[in-house]
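The structure appears below as structure tokens.
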Ligand code: GLC
């Protein structure tokens, strides 16, 4: 099968969050299964060009219709982690991607509507005819709309679309101008509530809704989040649309790349270990403490690794830090905040705790340190307010680092409470709490730290249960192939 991935991110060259990991990890898995995958991305100025091999022009002089005229586009190609990528480089007066950041501009909706159209135009003009187009998040919601309204008639007759939503909080809500720019026109037709009309803002276009309505299959990144998006406020206004299209909507849990995240082979882990040699993990704990000037003592070590923003439950991360110290544990934090006020708040906290030998705050992003923390810590906390899938708990499980998480989204599908889960004992791999408040978090954290102090053998069993579970891309890869096969034969 030939799959074209159209996305706004791909690790490690252009990435703002988990989306980039999924695009790379899933593409890799599909290729290993024998499918043929092309990844189509914007050519951002701020990309990691040092991670692209053999960058060269693949197609010059592409003319992409835009408003009444056309925008000339050069399409580049190169290899990213051995995956074939194409980069859309528009020569538009606005310089759509000739900017330092991926997102955060007033014309984001226009930029990515253009990208969606240019990607289809490239497939058409270059003679590429994928069986399935797999596109992601609001940035590419226009792909199935434009395919069925415009490009099918022009020559992309047999292409089918799978649309995956990683985050319902960003939907690409914009004015009807985008209809004119992309050549769809007819605002009264497309703004209809059955099509692209935003449920909350009459007269506004919702790009993600377009993706849901027009795609052949729609997925989100975990089965539990698929349920939440339909039945709770987590659909951010799109629950009713998902209900109408329930027949083609499902949740497929993300995987992680075990070539990168695996304590048996991880080059950033000084003492490599397996479930059979898990005691070697404590060598890494010692090295981690030295690295962060923490005292060597017989105590548990709790960590948080990730972005510091509202979605991740910042107030609970702060609480977890204080509570861990009160319970006689050490705490390590690695992350940055996109919001200056939050970043300052954590800088203050770092300053206050500067002399504490049981706590270290590292405000930055360092893959090397992230690997060492997962290997050296005893527990990680993930107190997210919402979490469509989540990566931290999947990594932690593989590293025998017990997750203490909020019972929400993909965390429900992957972390099973040692005491309260209904699953067999061997499947229980962590601690969970329901309410996103301090008492909720305390209830789980106290149990986890209490088990570490009181019943170390039991704690180790929980670690091993997690390590033995399989969250590689093999399972999700198979699920996507089933979906692709189904829509191909529709
Ligand atoms: C988004 C979600 C996160 C998910 C990731 C990859 O960043 O917030 O939960 O893991 O996408 O699908």
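Residue numbers (the numbering used here): 84 to 573. C-beta: ideal position from N, C-alpha, C; glycine also.
DSSP three-state call for residue i: helix, strand or coil?
i, result
"residue 148", "strand"
"residue 270", "helix"
"residue 348", "coil"
"residue 185", "coil"
"residue 289", "strand"
"residue 315", "coil"
"residue 556", "coil"
"residue 563", "helix"
"residue 391", "coil"
"residue 379", "coil"
"residue 550", "helix"
"residue 125", "strand"
"residue 88", "strand"
"residue 339", "coil"
"residue 175", "coil"
"residue 303", "strand"
"residue 279", "coil"
"residue 522", "helix"
"residue 539", "helix"
"residue 167", "strand"
"residue 157", "strand"
"residue 323", "helix"
"residue 356", "coil"
"residue 143", "strand"
"residue 97", "strand"
"residue 373", "helix"
"residue 399", "helix"
"residue 103", "helix"
"residue 545", "helix"
"residue 298", "coil"
Taking 6 Å as the limit between beta carbons, can you name the residues of its chain near residue i, skipping five residues before and five after?
i, result
"residue 570", "243, 299, 300"
"residue 270", "259, 262"
"residue 302", "247, 333, 335"
"residue 361", "483"
"residue 521", "402"
"residue 114", "120"
"residue 218", "89, 226, 246"
Might you give, ordered along the chain, the residues of its own chain that have their beta carbon closer than 7 Å to the beta carbon of residue i, omitting 5 neighbours on each side?
i, result
"residue 136", "161, 162"
"residue 525", "406"
"residue 309", "303, 332, 333, 334"
"residue 357", "347"
"residue 146", "153, 155"
"residue 475", "388, 389, 463, 465"
Got a sec? Which residues, its chain only, sit under 8 Å from residue i by beta carbon, not counting five neighbours each side?
i, result
"residue 342", "348"
"residue 503", "515"
"residue 485", "461, 462, 463, 479, 512, 513, 514, 531, 542, 545, 546, 549"
"residue 559", "109, 112, 335, 336, 337, 338"
"residue 212", "85, 206, 239, 241, 242"
"residue 557", "112, 338"
"residue 355", "346, 347, 348, 349, 363"
"residue 139", "159, 160, 161"
Is the number of C-beta pairs between the stretch 409-416 and the stretch 376-389 that are closer than 8 Å three or more?
Pairwise C-beta distances place the stretch 409-416 in contact with the stretch 376-389, as three or more of them are shorter than 8 Å.
Ordered list of alpha helix (DSSP H) runs contained in the stretch 419-493, each at least 4 residues
Runs of the alpha helix (DSSP H) spanning 4 or more residues and lying entirely within the stretch 419-493 occur at 423-435, 450-459, 475-481, in chain order.
Taking 8 Å as the threshold, find out whether the stretch 419-431 comes into contact with the stretch 351-370 through three or more Cβ pairs.
Pairwise C-beta distances place the stretch 419-431 out of contact with the stretch 351-370, as fewer than three of them are shorter than 8 Å.
Any contact between the stretch 499-512 and the stretch 281-291? By contact I mean 3 or more CB pairs, one from each, below 8 Å.
No: the two stretches stay apart, fewer than three of their Cβ pairs being nearer than 8 Å.
Give me every residue whose Cβ sits closer than 7 Å to any heavy atom of the ligand GLC, in chain order.
Going along the chain, the residues that qualify are 100, 101, 102, 104, 105, 249, 250, 304, 337, 394, 470, 471, 472, 473, 474, 492, 493.
Segment contact flag, the stretch 420-427 with the stretch 450-467, C-beta cutoff 8 Å, min 3 pairs:
As far as the Cβ criterion goes, the stretch 420-427 does not touch the stretch 450-467, which means the pair count is below three.
Count the C-beta pairs between the stretch 115-127 and the stretch 168-185 that are closer than 8 Å, then say yes if the count reaches three, no if not.
The stretch 115-127 makes contact with the stretch 168-185, as at least three CB pairs between them are under 8 Å.
Would you check if the stretch 325-343 and the stretch 456-466 touch, i.e. whether three or more CB-CB distances between them fall below 8 Å?
Segments in contact, no.
For the stretch 227-237 against the stretch 197-206, do three or more pairs of beta-carbon atoms, one drawn from each stretch, fall closer than 8 Å, so that the two count as touching?
Yes, the stretch 227-237 is in contact with the stretch 197-206.
Counting beta carbon pairs with one atom in the stretch 127-147 and one in the stretch 99-119, are three or more of them shorter than 8 Å?
Because the criterion of three Cβ pairs below 8 Å is not met, the stretch 99-119 and the stretch 127-147 do not touch.
Which parts of the stretch 189-266 are runs of the beta strand (DSSP E), unbroken and 3 residues or longer, counting only runs that do not cross its ends?
Counting only runs of 3 or more residues that sit fully inside the stretch 189-266, the beta strand (DSSP E) segments are 215-219, 243-248, in chain order.
Spell out a yes or no on whether the stretch 153-160 and the stretch 240-260 are touching, meaning 3 or more CB-CB pairs, one atom from each, closer than 8 Å.
Segment contact: the stretch 153-160 against the stretch 240-260, fewer than three CB-CB distances shorter than 8 Å; contact not assigned.
So does the stretch 276-283 actually touch the stretch 309-323, counting three or more Cβ pairs closer than 8 Å?
At 8 Å Cβ cutoff, the stretches touch.
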